[in-house]
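In my numbering, the protein residues as written are 339 to 614. Backbone N, C-alpha and C define an ideal beta-carbon position, used for all residues, glycine too.
Have a look at this one:
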């Protein structure tokens, strides 16, 4: 007996293989498990988001342990056995393990089919479904970007239209203001003209009234002159009459009394006239 025990792996242990075969015989596996997949031809990293999404749906939470276990099972061998993976994951995914492994292995087969060599370099394949989903996502993103760009463009066009409308409104307001100023100037000119015309008429009326007053004064002056002339004539006549009366009285006083009492003898022509 040596100093220690030498162990064996499960692959080397015949008892484990026998138990595994019995377990495989009892379980049902998807038909796609019959296709072998060389993981060296598969771009495994593109599978991680899909695995994360499915594990979260089946378990109800994003369990990093299960996710890393799935990826480790895929990376452990170049050609892993999908049946063994399903057996190992059953304790975590339970009744959803078969559906999960069927979808996962289908993606691996599709990725292997898309493996190609370009310019002497191997290009690992990606599942057609994920490529389609990626293309759809890219198309969706492009559509969203286009819609967003169109919305931004429409908003910018609306802003430009509002700016143009604002400028047009400013022009209209400016034109209204200029028209109002012109109307006010015209109204002021009309008022000034009306005032000037009124003042002119008022001046003409005053001049007419002054002329009439001057004419009336002239008429009164002429009338006064005429009356003065007439009054002077009468005064002169009265003065002359008074003078004659004085002369007569003086002559009467100078004549003797016996002569004054004698009646004057008149000629035949004046016989009916006598001086009293």
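For residue 405, the closest alpha carbon among the candidates 482, 383, 415 is that of 383.
Per the C-alpha coordinates, the member of 396, 530, 457, 442 positioned closest to residue 377 is 442. As a beta-bridge residue in DSSP terms, residue 455 pairs with 460. When the beta-carbon positions are compared, residue 433 and residue 362 stay at least 9 Å from each other. Three or more Cβ pairs closer than 8 Å define a contact, and the stretch 454 to 471 meets that threshold against the stretch 384 to 396. Exposure of residue 455 is indicated by the presence of fewer than 16 other C-beta atoms within 10 angstroms of its C-beta. In the displayed model, residue 375 falls within coil according to three-state DSSP, outside both helix and strand. Per DSSP, residue 425 has no beta-bridge partner at all. The alpha-carbon separation between residue 366 and residue 486 amounts to approximately 49 Å. If you look at residue 407, you'll find it in the alpha helix (DSSP H) that goes 402 to 414. Non-local beta-carbon contacts of residue 424 in its own chain, meaning distances under 6 Å to residues more than five positions away in sequence, involve 435, 439 in chain order. Nearest Cα to residue 393 within the set 516, 413, 437, 505: 437.
Counting along the chain, residue 392 sits inside the alpha helix (DSSP H) bounded by residues 385 to 397.
Beta-bridge partners assigned by DSSP to residue 510: none are found. Pairing residue 401 with residue 490, the inter-Cα distance amounts to about 40 Å.
Residue 479 counts as exposed, since fewer than 16 other C-beta atoms from the protein chains shown sit within 10 angstroms of its C-beta. Around the C-beta of residue 461, fewer than 16 other C-beta atoms lie within 10 Å, and the residue is accordingly described as exposed. By the neighbour-count criterion, in which a residue is buried when 16 or more other Cβ atoms sit within 10 angstroms of its Cβ, residue 447 is buried. Our two residues, residue 541 and residue 583, have alpha carbons roughly 60 Å apart in a direct line.
Taking the Cβ atoms as the reference, residue 450 lies roughly 25 Å from residue 395, outside the contact range of under 8 Å.
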